[in-house]
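Here the protein sequences come in this chain order: A and B.
Position one of the first sequence corresponds to residue 547 (the numbering used here), numbered consecutively onward.
Position one of the second sequence corresponds to residue 218 (the numbering used here), numbered consecutively onward.
Built from N, CA and C at the ideal position, the CB exists for glycine as well.
Please read these numbers as outputs of a predicted model, since none were measured by experiment.
Heads up, the thing below is written out as structure tokens.
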Amino acid sequence: MPTMVVAGHGMVAHRLVEAVRVADPAGEWRIVVLAEESRPAYDRVALTSYVESWDPAALALPGNDYAGDDAVDLRLGDAVISVDRDAKTVTAASGSVQSYDVLVLATGSRPFVPPVPGRDLPGVFVYRTIEDLDAIREAAERRGRGRRAAMVIGGGLLGLEAAKALRDLGLSPHVVEMAPRLMPLQVDDGGGGVLRRLIADLDVTVHTGTSTEAISADGPRLLARLGNGTELDVDLVVFSAGIRPRDDLARESGLDVGERGGVLVDATCRTSDPSVYAIGECAAVEGRVYGIVAPGYAMAEVVAAQLTGGTATFPEPDTATKLKLMGVDVASFGDAHAATEGALEVAVNDAVAGTYKKLVVSDDGRTLLGGVLVGDAAEYNTLRALVGRPLPAEPVALLAPTGAAVGVDALPDEAQICSCNGVSKGALTRAITMDGCESVSKLKTCTRAGTSCGSCVPMLAKLLNACGVEQSKALCEHFTQSRAELFEIIRATRITTFSEVVSRYGMGTGCAVCKPAVASILATLGNGHILAGDQAALQDTNDRFLANLQRNGSYSVVPRIPGGEITPDKLMVIAQVAQDFGLYTKITGGQRIDLLGATVDHLPDIWRRLVDAGFESGHAYGKSLRTVKSCVGSTWCRYGVQDSVGLAIDLELRYRGLRSPHKIKAGVSGCARECAEARGKDFGVIATEHGWNLYVGGNGGATPRHAELLVSDVDTETLVRTIDRFLMFYVRTADRLQRTAPWIEELDGGLDHLRAVIVDDSLGICEDLDAAMAKHIEDYTDEWRGVLEDPDKLARFSSFVNAPGAPDPSISFRAEREQKIPVLLGVPEVRR
Amino acid sequence: MTSLMTWTAVCPAAQVPEFSGVAALVGGQQIAVFRTADGWYGLSNWDPCSQAAVLSRGIVGDAGGEPVVASPVYKERFSLRSGQCLDGDGVSVPVYPVRVREGVVEVGSP
Ligand code: SRM
Ligand SMILES: Cc1cc2nc3c(=O)[nH]c(=O)nc-3n(C[C@H](O)[C@H](O)[C@H](O)COP(=O)(O)OP(=O)(O)OC[C@H]3O[C@@H](n4cnc5c(N)ncnc54)[C@H](O)[C@@H]3O)c2cc1C
Ligand code: SF4
Ligand code: FES
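Below, the structure is given as structure tokens:
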């Protein structure tokens, strides 16, 4: 059995192993992977997002441990230290010697650290691995309070990513770039100018056209002297001044290397020794090294094909880049610098809008060669796919803000939609129409498109639409409309009853799906009490009895305890009520108290006592705001930087009673230690020294998700306004029972689009959203008080219509741990 | 048939809004009484799927035109005409006749 030894387990090595295993299912090849890093291949492209979760598992590449695959032997933390080409063996750090028939070098690159004096000081880092980020974080946090600034050496793609990570860590970054502009490789001077202004607006100080002379230590701080005389006083320094291929194994074993480094290989990725290949960032294919992942993946496929009986050569690589930095779009593709003979440039520099767009076209102005987009890269996917093809319209028309947008229809079948994974429009169309991939997620599994950088995902959705695959949004058999459409219909027509909605816009008499959905819409739009008029019969039992149904038919009572703060007097009221009505009590996961085991008849009496003592409905039963969890915050906690309890209470009182597509949960933490688990909530607020960071789209449950940063360091007024709009936009446009995380994921354009709508008012609806929230707040009244004050509503709270007050004989209890619990008359068959 | 039925008055018709249900105790049995646009129906209040007496608190509507109530616990639908469960094999609940006489709802038991 021949053996393939792979040196390195980075992104490209993993792709190689996967590709060989797919083409060689019988396991003709034995594969030994020797990896320097201690964890299996992870998504280095997404390294910066590690700052959001600090969870290495979130970066893991699917299938990276080859669990259960006997053909692959992955040895982590055991680097190759030498190669003996005559003996065809490699020696690993552990001392083991491994023979090979084929050796593949996939050792990637190392960060380049120029010989600046002071580069070895503590507090100076590079930016390449998870460990690098852990070390940066540790240093940032060690500085504790008052920490402020950091310096990034290098203003290229990676440098700006590092600056973003540092900013997310609460430091103010300085970026120092030798070239006269940022991202010198990708953008031109015009684009660099716009980019610089946009980046500077985000609390990042940019120094271009200057070097770093020296770094010196000043107590715990670092002083950096720039070539232009500027002195920077910072907490830490990150080098991001380019990368160098890790070609040492090749050099030491006498293999040819490229003029500018890299293991020299031909178009089949073979080195000067036919048994040795090199792929990924360590390889110089016909002399050229590539610092992005897509060409590396192509090399992996080339080698896999050769080893499994096929032939392949390295294709012309796509080096297009798109970056979304702190909300700033930057993209470059094709011949961005107009290097082609006779190439013409057409640029639109809109200083007011903060955008720069340039297309590079052939000398006859007909064929697209490349381009640069800064500030707005919405057209990136389509334009990139058009490179080398005739332009569908005049270049200037394509660049104009209201220009002739290019649709997916205009693209030819060969156009590459996913450049990371080399998937063409034709391949995707076939997957949709022939293999039945009728959703973005199916397309991802089936074609791999969209699984790397993700920038092509919006195009996948557009292709699905173009192929006529419409995801059915119909609410149920009674309505062909989606919940969002019904919301707009009811809002526009001001209809106030279900019967009118269903007779005018639906069919039949409704069901347990559409009735509560319409009831929720009516409630959001402010149609009085949820039990008023025909609304009562639409409500799910929980809303109809304003309590949560339990398994034996009894109900639970959850009074609101805003922010989890409660006085001893109120605690005593709850205790007394529980005792008097014989209720089971438990502290919930939402920082409040659940009283369980009440029968329908007792609910009004229980609530009368609670309302008299100043409690109100906690809406544990509703699809509406649940709780705003808080930590003790700066009032008590020695680390707190803001009053998290005060804000949590304000927010809970502001949004209480807001009916929504699903429940809404929130949290406020007083500092970055995050004791309120705010990032596990639909919206979470974390205090910073300058204000608040707002995260959205988190949840626990079966598919836990961390919320993502929407805006940072905002004052309380901006924060509240942003949350107002976030919630109202969600309430209007989400599907039934869709929590905020899947809603954001399905928004065309995702979080960026959301930010554009509610922060930059790109749809011009913010005024309307603000007014809707103001109306909600003004109209709020306690639902339980509303019941207690209305004899008609009260009359509904009896177990039996012909025997008011008679207890339900099927409900009984026994005691456990000194409290009552339901006696079950049978085990329910739970089926979902 | 009808002549052998015992009819028990349970409440004024006006007490049951259209498309909703109430529970009544009739001879020790819990009976769920429902009102739809085209008439009155009676089922046992006992939901065999959740083992709780709750069907009267379900949402009333239709499935392909068949009048149904959905259990408030796990949402299985039961035909108001036949008592058959539409979402579970072979499960059904007893059906009771319901009529309105002079504005009063009456439940029949054999
Ligand atoms: C009472 C409580 C458990 C406890 O004793 O701690 C609870 C009880 C129920 N949860 Fe929960 N959840 C409770 C906290 C949570 C939490 C923790 C939290 O809020 O911090 C979570 C995870 C956080 C989250 O939601 O993101 C949680 C995730 C769920 C889920 C999964 C949601 C998801 O998006 O996947 C469900 C199912 C659903 O809603 O579809 C659920 C559904 C339910 C229901 C409503 C199930 C049902 O239909 O009967 C339970 C009835 C509540 C009741 O009072 O009868 N509960 N549930 C907690 C009430 C909190 C409160 O004060 O309002
Ligand atoms: C912050 C950041 C952002 C990026 N963003 C993008 C982007 O947006 N788009 C894009 O296309 N690319 C991006 N890249 C580049 C992309 O990550 C690389 O192109 C890709 O990871 C290269 O894969 P590779 O397998 O060749 O190298 P690597 O992923 O670096 O893997 C090489 C592995 O080999 C190991 N190794 C080295 N020497 C040995 C040895 N002697 N023995 C055993 N193991 C060894 C290394 O420890 C490493 O684990 C980014 C990179 C970084 C750091
Ligand atoms: S999040 Fe911060 S302020 Fe709040 S309790 Fe935890 S450590 Fe203290
Ligand atoms: S282009 Fe990167 S995943 Fe498709």
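Q.
Considering just the uninterrupted stretch of the alpha helix (DSSP H) at histidine 560 of chain A, what are its terminal residues?
A. 557-569
Q. Quick one: what does DSSP say proline 1207 of chain A is sitting in, helix, strand or coil?
A. coil
Q. From what residue to what residue does the alpha helix (DSSP H) around threonine 1327 of chain A run?
A. Taken as a continuous stretch (DSSP letters only), threonine 1327 of chain A belongs to no alpha helix (DSSP H), as it is neither H nor E.
Q) How would you list, in chain order, the residues of chain B whose beta-carbon sits under 9 angstroms from the beta-carbon of asparagine 1239 of chain A? A) Ordered by position in chain B, no residue passes the 9 angstroms Cβ test against asparagine 1239 of chain A, which lies about 39 angstroms from the chain.
Q: On a CA-only basis, which of A:Gln1096, A:Pro1150, A:Gly1160 and A:Arg1154 is nearest aspartate 1140 of chain A? Give me that one, please.
A: Nearest neighbour of aspartate 1140 of chain A by Cα position, chosen from A:Gln1096, A:Pro1150, A:Gly1160 and A:Arg1154, turns out to be A:Gln1096.
Q: In angstroms with no decimal places, state the Cα-to-Cα distance between serine 299 of chain B and alanine 1361 of chain A.
A: Using only the alpha carbons, I get a separation of about 39 angstroms.
Q: Measure the alpha-carbon distance for methionine 218 of chain B versus threonine 253 of chain B and round it to whole angstroms.
A: Residue confidence for methionine 218 of chain B is low, a pLDDT of 48 falling below 50, so the modelled location carries little weight and cannot support an answer.
(Q) Does leucine 919 of chain A pass the burial test, meaning 16 or more other C-beta atoms within 10 Å, or should it be called exposed? (A) buried
Q: Starting from the beta carbon of glutamine 246 of chain B, find every residue of chain A whose beta carbon is closer than 7 angstroms, and list them in chain order.
A: Here the premise fails: no neighbours, minimum Cβ distance about 10 angstroms.
Q. Which residues does DSSP pair with phenylalanine 879 of chain A in a beta bridge?
A. A:Gly917
(Q) Let me confirm a value: tryptophan 1182 of chain A is counted as buried when at least 16 other C-beta atoms fall within 10 Å, else exposed. Which label applies? (A) exposed
(Q) With a threshold of 8 angstroms on Cβ separation, who are the neighbours of valine 650 of chain A within its own chain once the five nearest residues in sequence on each side are excluded? (A) Met550, Val551, Val552, Ala553, Ala559, Leu562, Val822, Tyr823, Ala824, Ile825 and Val849
Q) Which residues in chain A sit within 7 angstroms of alanine 176 of chain B, going by Cβ to Cβ distance? A) Nothing about residue 176 of chain B can be reported from this structure: the residues present for chain B run from 218 to 327 only.
Q) With distances taken between CB atoms, is the gap from phenylalanine 1343 of chain A to proline 1114 of chain A smaller than 7 angstroms? A) Going by C-beta atoms, phenylalanine 1343 of chain A is not nearer than 7 angstroms to proline 1114 of chain A.
(Q) Give me the subset of the segment 1334-1360 of chain A whose CB atoms are less than 7 angstroms from a CB atom of chain B, sorted by chain position. (A) Ser1345, Phe1346, Val1347, Asn1348, Ala1349, Ala1352, Asp1354 and Ser1356
Q. So does the segment 962-970 of chain A actually touch the segment 1013-1031 of chain A, counting three or more Cβ pairs closer than 8 angstroms?
A. Counting Cβ pairs under 8 angstroms, fewer than three are found: no touch.
Q | Length of the line joining the Cα atoms of aspartate 1147 of chain A and aspartate 1354 of chain A | A | 9 angstroms
Q. Roughly how many whole angstroms lie between the Cα atoms of tryptophan 1289 of chain A and arginine 1225 of chain A?
A. 16 angstroms
Q: Could you name each continuous alpha helix (DSSP H) segment of 4 residues or more that falls completely within the segment 885-970 of chain A, going from the start of the chain to the end?
A: Listed in chain order, the complete alpha helix (DSSP H) runs (minimum 4 residues) inside the segment 885-970 of chain A are 926-931 and 941-945.
(Q) Distance cutoff 7 angstroms, beta carbons only. Does threonine 1043 of chain A sit that close to anything in chain D? (A) As a matter of chain content, chain D is missing from the structure shown, whose protein chains are A and B.
Q. What do you reckon, is the C-beta of valine 648 of chain A under 6 angstroms from a heavy atom of ligand 6?
A. Among the ligands in the structure shown, ligand 6 does not appear; only ligand 1, ligand 2, ligand 3 and ligand 4 can be found there.
**Q.** The alpha helix (DSSP H) enclosing alanine 844 of chain A, as first and last residue numbers
**A.** 839-853
Q: Going by DSSP, name the residue or residues bridged to serine 1163 of chain A.
A: A:Pro1105
Q: Could you pull out every residue in the same chain whose Cβ sits closer than 8 angstroms to the Cβ of alanine 1242 of chain A, ignoring the five residues on either side in sequence?
A: A quick correction: the sequence has valine, not alanine, at residue 1242 of chain A. Once the five neighbours on either side are set aside, the close Cβ partners of valine 1242 of chain A are Asp1228, Phe1229, Gly1230, Ala1253, Glu1254, Leu1256, Phe1272, Thr1286, Ile1290, Leu1297 and Leu1300.
(Q) Tell me the DSSP secondary structure of methionine 1053 of chain A in three-state form. (A) Look at methionine 1053 of chain A here: in three-state DSSP terms it is coil, with no helix or strand label.
Q.
Helix, strand or coil for alanine 1270 of chain A? Go by DSSP, reduced to three states.
A. The amino acid at residue 1270 of chain A is misidentified as alanine; the sequence shows aspartate. In this structure, aspartate 1270 of chain A counts as helix in the three-state DSSP scheme.
(Q) Does chain B have any CB closer than 7 angstroms to the CB of alanine 1063 of chain A? (A) no
Q: For threonine 1200 of chain A, count neighbouring Cβ atoms within 10 angstroms of its own Cβ and tell me buried if that reaches 16, exposed if not.
A: At residue 1200 of chain A the sequence reads arginine, which differs from the threonine that was named. The residue in question, arginine 1200 of chain A, is buried, as its Cβ has 16 or more Cβ neighbours within 10 Å.
(Q) When you compare the segment 237-257 of chain B with the segment 1099-1109 of chain A, are there three or more beta-carbon pairs, one atom per stretch, that lie closer than 8 angstroms? (A) no
Q.
To be precise: take each residue of the segment 1014-1043 of chain A, compare its Cβ to all Cβ atoms of chain B, and keep it if any distance is under 8 angstroms. Which residues remain?
A. Glu1023 and His1024
Q. Going by DSSP, which residues form a beta bridge with arginine 656 of chain A?
A. A:Arg790
Q) Whole-angstrom Cβ separation of aspartate 781 of chain A and glycine 669 of chain A, contact assumed at under 8 angstroms? A) 7 angstroms
Q.
Check for me: the beta strand (DSSP E) holding valine 1003 of chain A runs from which residue to which?
A. In this chain, valine 1003 of chain A is not harboured by any beta strand (DSSP E); it is covered by the alpha helix (DSSP H) spanning 1003-1012.
Q) What runs of the beta strand (DSSP E), each 3 residues or longer, lie entirely inside the segment 1139-1163 of chain A? A) List check, beta strand (DSSP E) in window: 1139-1144.
Q | DSSP-derived helix/strand/coil call for glycine 1186 of chain A | A | coil
Q) What residues in its chain sit with their C-beta under 6 angstroms from that of cysteine 228 of chain B, if we drop five residues either side in the sequence? A) Val322
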